[in-house]
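Student: The structure follows.
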Amino acid sequence: MKIRPRPAGESPSNGNRWFLTYSDMITLLLALFIVLYSMASANEKKYGQLVKGFRTALNTESASETGGGKAGAAGGQGVVLKAGQKIVNMDALDQVYQSLNGYISKNHLQDQISLTKSGEYVQVHLKDVVMFQPNTAEMLPGSKPIMREMEEALAAVYDRVDHITISGHTANVVVNSTRSDQISWMLSTQRAVTVLNSLLDYGLRGDKLSIQGYAHYAPIADNSTEEGRAKNRRVEITIYKNPSKDAAQNPSRTSSASSQK
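The letter at position 133 of the sequence shown is residue 559 when you use our numbering, and the numbering goes up by one with no holes.
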């Protein structure tokens, strides 16, 4: 077998040119893969930002639909709790009850302020010793923080309740007479008006408010003892939601009956 002689002028290295072309192709493919990988990483980052944006938008929409602050829907309000806790729908009566109950416990006011709750209303019982000068409708300086907290709690549910009644009560400490009855009626009514004015001064709207004066005719305890009379001297703030006719007309007597059972 004859070996073909190499043509004159042909370099020995010319036969390896395919290797240079192959190297160029590998380099180009590597560059292409690097570009594709970088694009994929960028898209993943953009996708993450897009998902985050959608979540933010959905959370904002949910908060606007459930309400916040003083306004809310008729059935309940979305209450945003601390980080890590869930958003829950809370009934207006449950919300005002929990708010005031927390304030009472935090400030150790259980002996001066108590709460009654039913499916139709929440009733706040304020003893006169924490609210008024003896036998007057003049409020004590220490009652101001209480009234401020009361206004904030009521304002938070105001649009989701039907009515708020403020009723004043006294104790029967003397033999019944026309004069003593007149004084009792006046004092109970004046104290209700004083509490009403205080709530208005702190910013509560007045279109759902009313006052009542019961004198000593709606006791919740025995008037023959000093302890009982201390309980009877009180102002009650009743927050209604879908009340029955009987409860709306006379919540104090309803509360009195349940307390004496």
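Here a beta-carbon is modelled for each residue, glycine too, at the ideal position from N, C-alpha and C. The structure presented is a predicted model; accordingly, all values stated were derived computationally and were not measured.
Which one of Tyr-628, Lys-634 and Asp-585 has the shortest CA to CA distance from Ala-518?
Tutor: The shortest Cα separation from Ala-518 among Tyr-628, Lys-634 and Asp-585 belongs to Asp-585.
Student: Just mark Ile-530 as buried or exposed, buried being the case when its beta carbon has 16 or more other beta carbons within 10 Å.
Tutor: Answer is buried; the Cβ neighbour count reaches 16.
Student: Identify which residue in Asn-623, His-642, His-589 and Arg-631 has its Cα closest to the Cα of Met-612.
Tutor: Of Asn-623, His-642, His-589 and Arg-631, the residue nearest in Cα terms is His-642.
Student: Between which residues of its own chain and Ile-539 is the CB-CB distance below 6 Å, once the five residues before and five after are set aside?
Tutor: Result list for Ile-539: Ile-530 and Leu-552, in chain order.
Student: Throw me the rounded Cβ distance for the Met-573 and Val-661 pair, which I believe falls under 8 Å.
Tutor: Contact doesn't hold; Cβ gap of about 11 Å is too wide.
Student: What first and last residue would you give for the beta strand (DSSP E) that runs through Leu-519?
Tutor: It is not in any beta strand (DSSP E) - Leu-519 instead sits in the alpha helix (DSSP H) that spans 518-532.
Student: Mind reading off the beta-carbon distance from Ala-371 to Ser-593? Whole number of angstroms is fine, and I expect it under 8 Å.
Tutor: The structure shown has nothing for residue 371, since the chain only spans 427 to 687.
Student: Curious, which full-length alpha helix (DSSP H) runs of at least 4 residues does the segment 569-593 contain?
Tutor: You should have 570-583.
Student: Please classify Ser-684 as buried or exposed, where buried requires at least 16 other C-beta atoms within 10 Å of its C-beta.
Tutor: Note that Ser-684 scores a pLDDT of 43, beneath 50, so its modelled location is shaky; the value from the coordinates is reported in the next line. Exposed, since its Cβ has fewer than 16 Cβ neighbours within 10 Å.
Student: If you draw a straight line from the C-alpha of Ala-656 to the C-alpha of Asp-554, how long is it?
Tutor: Going from the Cα of Ala-656 to the Cα of Asp-554 covers about 8 Å.
Student: Going along the chain, which residues of its own chain have a beta-carbon closer than 6 Å to the beta-carbon of Gly-632, five neighbours each way excluded?
Tutor: Correct list, in chain order: Leu-626.
Student: In whole angstroms, what separates the C-alpha of Thr-596 from that of Glu-578?
Tutor: Rounded to the nearest angstrom, the two C-alpha atoms are 27 Å apart.
Student: Do you know offhand how far His-534's Cα is from Gln-521's?
Tutor: About 20 Å.
Student: From the DSSP secondary-structure annotation, give me the bridge partner or partners of Thr-542.
Tutor: Answer by DSSP bridge pairing, in chain order: Gln-549.
Student: Secondary structure at Gln-638, three-state DSSP: helix, strand or coil?
Tutor: In this structure, Gln-638 counts as strand in the three-state DSSP scheme.
Student: Applying the 10 Å Cβ sphere with the 16-neighbour rule, what's the burial state of Thr-651?
Tutor: When all chains shown are included, Thr-651 counts as exposed.
Student: Use the C-beta contact count for Gly-568: other C-beta atoms within 10 angstroms, 16 or more gives buried, fewer gives exposed.
Tutor: The residue is exposed, with fewer than 16 neighbouring Cβ atoms inside 10 Å.
Student: Could you tell me if Gly-528 is buried or exposed, where buried requires 16 or more neighbouring beta carbons within 10 angstroms of its beta carbon?
Tutor: Result: exposed.
Student: Taking all protein chains shown into account, do 16 or more other C-beta atoms lie within 10 angstroms of the C-beta of Ala-457, making it buried, or fewer, making it exposed?
Tutor: Exposed, by the Cβ-count rule.
Student: According to DSSP, what are the bridge partners of Met-565?
Tutor: DSSP lists Phe-558 as partners of Met-565.
Student: If you check the beta carbons only, do Thr-591 and Thr-664 fall under 7 Å apart?
Tutor: Yes, the pair counts as a contact, with Cβ atoms nearer than the cut-off.
Student: In terms of residue numbering, what span does the alpha helix (DSSP H) encompassing Arg-605 cover?
Tutor: Its alpha helix (DSSP H) spans residues 604-627.
Student: Count the other CB atoms within 10 Å of the CB of Gln-549; is the residue buried (16 or more) or exposed (fewer)?
Tutor: Burial call: buried.
Student: Skipping 5 residues on each side, what residues in its chain have a beta carbon closer than 6 Å to that of Gly-654?
Tutor: Here the set comprises Ala-647 and Asp-648.
Student: Considering only C-alpha positions, which residue in the set Glu-575, Thr-604, Ser-603 and Asn-561 is nearest to Thr-615?
Tutor: Nearest C-alpha to Thr-615: Asn-561.
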